[in-house]
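Enquirer: Counted from 1, the first sequence has number 726 at position 250 by this note's numbering; the numbering is strictly sequential.
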Amino acid sequence: MVGRTFIEVRVSHDRTVRNNASRAEVANRLSGRTVQDVRRHGKFLIIGLDSGYTMVAHLGMSGRFSIAQPSQTKSAHTHFVAVLDNNTEIRFIDPRTFGFIAAYDEDEVSSSGLARLGPDAWTEPLDVDDLAASLRGRVAPIKALLLDQGPMAGLGNIYADEVLHLAHVHPLTAGGDLNHHQVGALLEAVRVVLGAAIDAGGTTLDDLAYLLPDGQAGESLEGLRVYGREDQPCRTCGTAIQRIVVRSRSTHFCPSCQPHV
DNA sequence: ACCTCCCTGGCC
DNA sequence: GGCCAGGGAGGT
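1. Using alpha carbons as the reference points, say which of 585, 479 and 494 lies closest to residue 560.
2. Going straight from the alpha carbon of residue 716 to that of residue 709, what length do you get?
3. Report all residues from its chain with a CB closer than 7 Å to the CB of residue 667; omit the five preceding and five following residues, and keep chain order.
4. Do residue 753 and residue 607 have their CB atoms nearer than 9 Å?
5. On the three-state DSSP scale, how would you describe residue 560?
6. Could you tell me whether the Cβ atoms of residue 603 and residue 628 are closer together than 9 Å?
7. Taking the straight line between their C-alpha atoms, what separation do you get for residue 484 and residue 508?
8. Near residue 513, which residues of its chain fall below 7 Å by C-beta distance, leaving aside the five closest residues on each side in sequence?
9. Within 10 angstroms of its Cβ, does residue 721 collect 16 or more other Cβ (buried), or is it exposed?
10. Need the endpoints of the alpha helix (DSSP H) that residue 610 sits in, please.
11. Quick one: complete beta strand (DSSP E) runs, 3+ long, within the segment 528–585?
12. Just the C-alpha distance for residue 543 and residue 492, rounded to the nearest angstrom, thanks.
13. I need the DSSP call for residue 620, collapsed to helix, strand or coil.
14. How big is the Cα-Cα spacing for residue 663 and residue 586?
15. Which runs of the alpha helix (DSSP H) fall wholly inside the segment 633–683 and span at least 4 residues, in chain order?
16. Give me, in chain order, the residues of the same chain whose beta-carbon lies closer than 6 Å to that of residue 538; leave out the 5 immediate sequence neighbours on both sides.
17. Pull up the CB-CB distance for residue 506 and residue 579, whole angstroms please, since I reckon it's below 8 Å.
18. For residue 529 and residue 591, what's the separation of their Cα atoms in angstroms?
19. Could you check which residue in 635, 482, 553 and 714 has the C-alpha nearest to that of residue 531?
20. Answer yes or no: do residue 737 and residue 653 have a C-beta to C-beta separation smaller than 9 Å?
21. With 16 as the cutoff for other CB atoms within 10 Å, does residue 734 come out buried or exposed?
Structure below.
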């Protein structure tokens, strides 16, 4: 991608570019620009362009990118197409439209969600003291704080539940109530859970909403410890997995392995 | 720091 | 026919 130029950009859904003023603003800011670097921070994809504009993309719930030849028929829900100078297309497909693509100037980057992200959970792992410091005094449940992207960025609902189970931490524990040992266990669990998820190519649920760029499904659904396993036996101790709702997000845990303090 | 909203395919 | 899933943004 680095060095490629966007020959033409077509936006076909308003909501996909809702963080910009208009479809045309996005197309105009990206067209003719050359990619300088491609990064990821949490769940945001960040593409630096030679113009100073930054393309920011988020897959939301159901977004995916595909690389295609211009002659290939478009999948349903293709909301954005960038034609590259090697005559391939980058297509953004997103049925539920929770994802977005933005073209930001410097000020807009600083006032966007990107600026509120904590260190990346995978590439900038915190040490125990730093995470403990950012949780100190927080009364919100640790599940909510993991989803918040502030203490650390990158965990969504599935992996937050998986991490808490592996760390033996109850999802409703107030962030500031975690002891030093639990904070350490949480960080180790992040490393293990994300490492396994990356190796497996991510988690494709039964709805097949998430697919790898080549259209293949990820593999780790069977490996999940608690997510989506309400009433099924905990793989560690056999106790029935419970499902509760935290901040209107479905939350799964083992009441035996993750006792409430 | 909390709540509400957005959206559509899949399922009951 | 109606409900559910859930990421982030914006408002209170």
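Glycine residues also receive a C-beta, built at the ideal position from the N, C-alpha and C atoms. A quick note: this is a predicted structure, and the numbers were derived from the prediction, not measured.
Expert: Concretely, from the data shown:
1. As a first step, residue 560 is located in the first sequence; it is residue number 84 there, counting from the start. Considering only alpha carbons, the answer is 479.
2. As a first step, residue 716 must be located in the first sequence, where it is residue number 240. As a first step, residue 709 must be located in the first sequence, where it is residue number 233. When rounded, the distance between both Cα atoms is 5 Å.
3. Against the first sequence, residue 667 aligns to sequence position 191. For residue 667, where only same-chain residues beyond five positions count, the Cβ hits under 7 Å are 601.
4. Any property of residue 753 remains undetermined from this structure, which presents the chain solely from 477 to 737.
5. Position 84 of the first sequence holds residue 560. In the structure shown, residue 560 sits in a strand (DSSP, three-state: E or B).
6. The residue you call residue 603 lines up with position 127 of the first sequence. The residue you call residue 628 lines up with position 152 of the first sequence. No.
7. Taking the first sequence and counting its residues from 1, one reaches residue 484 at position 8. Taking the first sequence and counting its residues from 1, one reaches residue 508 at position 32. For residue 484 and residue 508, the distance between alpha carbons rounds to 7 Å.
8. Here the question's residue 513 lines up with position 37 in the first sequence. Answer for residue 513: 478 and 524, listed in chain order.
9. For the purposes of this step, residue 721 is taken as residue 245 along the first sequence, with counting starting at 1. Classification for residue 721: exposed.
10. By one-based count along the first sequence, residue 610 stands at place 134. Start and end: 604–611.
11. 530–534, 540–544, 554–560, 565–569 and 576–580
12. Within the first sequence, residue 543 is the residue found at index 67, counting from 1. Within the first sequence, residue 492 is the residue found at index 16, counting from 1. The alpha-carbon atoms of residue 543 and residue 492 are separated by roughly 18 Å.
13. To locate residue 620, count along the first sequence from 1; it is residue 144. It is helical.
14. Against the first sequence, residue 663 aligns to sequence position 187. Against the first sequence, residue 586 aligns to sequence position 110. Approximately 28 Å between the Cα atoms of the pair.
15. 633–642 and 656–676
16. Here residue 538 refers to the residue found at position 62 of the first sequence. Contacts found: 570, 571, 572 and 685.
17. As a working note, residue 506 is residue 30 in the first sequence. As a working note, residue 579 is residue 103 in the first sequence. Contact flag correct, Cβ pair sits at about 5 Å.
18. As a working mapping, residue 529 is identified with position 53 in the first sequence. As a working mapping, residue 591 is identified with position 115 in the first sequence. Straight-line Cα distance between these residues: approximately 16 Å.
19. As a position in the first sequence, residue 531 is number 55, starting the count at 1. With distances taken between Cα atoms, residue 531 lies closest to 482.
20. The residue you call residue 737 lines up with position 261 of the first sequence. The residue you call residue 653 lines up with position 177 of the first sequence. For residue 737 and residue 653, yes; Cβs fall inside 9 Å.
21. Along the first sequence, one-based indexing puts residue 734 at 258. Label assigned to residue 734: buried.
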